[in-house]
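Participant:
Residue numbers (this note's numbering): 36 to 384.
As structure tokens, then:
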């Protein structure tokens with residue numbers, strides 16, 4: 036156990052990612068509280084994140100050579116993530132079933148759904164650096180499931196609106212026809228068809244003409260530059276969001292603390308145990324990248340988007356906002372523990 040802590044907390048890539056996260060979140064907090072950046076500035080940064088950096092990041096994650104082994108593993112992770120979300124939602128609802136329908140529903144969603152796109156993806160990119168291709172393929176696949184649960188299942192449950200023939204078009208557009216999903220699906224398309232499309236000789240080997248990271252590198256550098264901005268911008272925005280909240284009231288809310296602890300500690304533990312059982316049963320063999328991706332993907336703090344939905348729908352809005360804030364602050368302590376947990380189970384597998 037001590038060796039695992041030593042490995043994680045002496046890893047320069049992990050330490051760099053951790054301190055980068057803490058420092059930039061703190062800077063976002065200071066800039067917002069001091070008035071250097073106002074709500075209009077936050078709105079601009081949010082637009083940059085969702086309309087440029089995340090779409091470029093999502094597209095870039097799939098710019099790698101197609102291998103059947105990685106492809107099949109990413110599909111398995113897709114279905115496992117789907118199952119794990121459902122399991123955690125049900126566990127959360129059962130824990131708080133006596134609190135009433137609204138509380139148990141919100142608690143179940145919050146225990147399951149974290150900020151995979153804004154937190155897990157950029158941190159994994161920072162930790163793995165130049166070796167990030169495989170881990171980013173997995174976490175990008177998981178993020179597709181994340182967006183389905185946030186924008187279809189989460190929205191439907193919180194708002195009370197049902198998907199019908201009349202609103203199917205608008206719901207479909209909201210979930211799938213946005214810059215992030217367009218970038219992701221464009222990347223998936225290139226990844227899947229690259230071996231059967233016309234090839235271009237680059238150096239001593241050939242690539243699909245669609246692999247613009249290889250065939251048009253002088254232009255593609257813009258995509259990579261925008262993708263690399265995801266980590267600082269996301270962390271800065273999280274810091275600004277913390278600055279806007281009433282910290283004193285949040286800290287006093289014991290129930291919000293309980294939900295945040297379930298999200299940050301119980302959720303990752305449940306997912307890790309399920310992965311361990313699946314691995315030992317022989318149903319799927321995890322490697323470091325697939326294990327880290329799914330556990331860290333489920334270790335992110337409570338989704339801000341879900342919290343906003345609760346406020347808009349007037350469903351436990353104070354609880355949602357406070358739990359989200361506490362969960363984000365707790366992540367600075369619990370997130371490293373998720374890496375320790377992963378490495379611990381990897382040594383037993």
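Cβ coordinates follow ideal geometry from the N, Cα and C atoms, glycine included. Just so you know, these numbers come straight off a predicted model, no measurement behind them.
Can you list, in chain order, the residues of its chain whose CB lies under 6 Å from that of residue 171, leaving out five sequence neighbours each side?
Facilitator: If we look at residue 171 and ignore the five residues flanking it on each side, its Cβ neighbours are 96.
Participant: Sort out for me which residues DSSP pairs residue 324 with in a bridge.
Facilitator: Answer by DSSP bridge pairing: none, since residue 324 is not bridged.
Participant: Using DSSP with H/G/I as helix, E/B as strand and the rest coil, what is residue 246?
Facilitator: If DSSP states are grouped into helix, strand and coil, residue 246 belongs with coil.
Participant: With a cut-off of 8 Å, do at least 3 Cβ pairs link the segment 285-299 to the segment 355-372?
Facilitator: Flag = yes, the segment 285-299 and the segment 355-372 touch.
Participant: Taking 7 Å as the cut-off, decide whether the C-beta atoms of residue 189 and residue 93 are in contact.
Facilitator: Not a contact, by the Cβ cut-off of 7 Å.
Participant: Is DSSP giving residue 350 helix, strand or coil here?
Facilitator: If DSSP states are grouped into helix, strand and coil, residue 350 belongs with coil.
Participant: Ignore the nearest five residues each way along the sequence and tell me which others in residue 259's own chain have a CB closer than 7 Å to its CB.
Facilitator: Hits under 7 Å: 95.
Participant: Using the rule of at least 16 other Cβ atoms within 10 Å of the residue's Cβ for burial, across every protein chain shown, is residue 51 buried or exposed?
Facilitator: With fewer than 16 Cβ atoms within 10 Å of its Cβ, residue 51 is classed as exposed.
Participant: Go ahead and label residue 272 buried or exposed: buried means 16 or more other beta carbons lie within 10 angstroms of its beta carbon, across all protein chains shown.
Facilitator: Its Cβ being crowded by 16 or more others within 10 Å, residue 272 is buried.
Participant: Look at the alpha carbon of residue 113 and the alpha carbon of residue 69, and state the distance between them as a whole number of angstroms.
Facilitator: Rounded to whole angstroms, residue 113 to residue 69 spans 42 Å at the Cα level.
Participant: With DSSP run on the structure shown, which of helix, strand or coil describes residue 253?
Facilitator: Reduced to three states, the DSSP call for residue 253 is helix.
Participant: Can you tell me whether residue 237 is helix, strand or coil according to DSSP?
Facilitator: Reduced to three states, the DSSP call for residue 237 is strand.
Participant: Tell me, please, whether the segment 316-333 touches the segment 144-157 by the rule of three or more beta-carbon pairs shorter than 8 Å.
Facilitator: Yes: at least three Cβ pairs fall under 8 Å.
Participant: Whether or not the segment 314-333 and the segment 152-164 are in contact is what I'm after, with contact meaning three or more pairs of Cβ atoms, one per stretch, closer than 8 Å; do they touch?
Facilitator: Counting Cβ pairs under 8 Å, three or more are found: they touch.
Participant: Alpha carbon to alpha carbon, what distance is there between residue 177 and residue 117?
Facilitator: Cα-Cα distance, rounded: 8 Å.
Participant: Can at least three beta-carbon pairs, one atom from the segment 341-360 and one from the segment 371-379, be found at a separation below 8 Å?
Facilitator: Result no; under three Cβ-Cβ pairs closer than 8 Å.
Participant: Identify whether residue 84 lies in helix, strand or coil by the three-state DSSP scheme.
Facilitator: Of the three classes helix, strand and coil, the one that applies to residue 84 here is helix, per DSSP.
Participant: Can you tell me whether residue 76 is helix, strand or coil according to DSSP?
Facilitator: Correct three-state label for residue 76: helix.
Participant: Under a three-way DSSP split, which group does residue 59 fall into?
Facilitator: Residue state, collapsed to three classes: helix.
Participant: Run through the DSSP bridge pairs and tell me what residue 337 is partnered with.
Facilitator: 149, per the DSSP bridge assignment.
Participant: Let's test the definition: count the other Cβ atoms within 10 Å of the Cβ of residue 362 and tell me whether it reaches 16, buried, or not, exposed.
Facilitator: So residue 362 counts as buried.
Participant: For the candidate residues 107, 133 and 309, whose alpha-carbon lies nearest to that of residue 123?
Facilitator: For the residues 107, 133 and 309, the minimum Cα distance to residue 123 belongs to 309.
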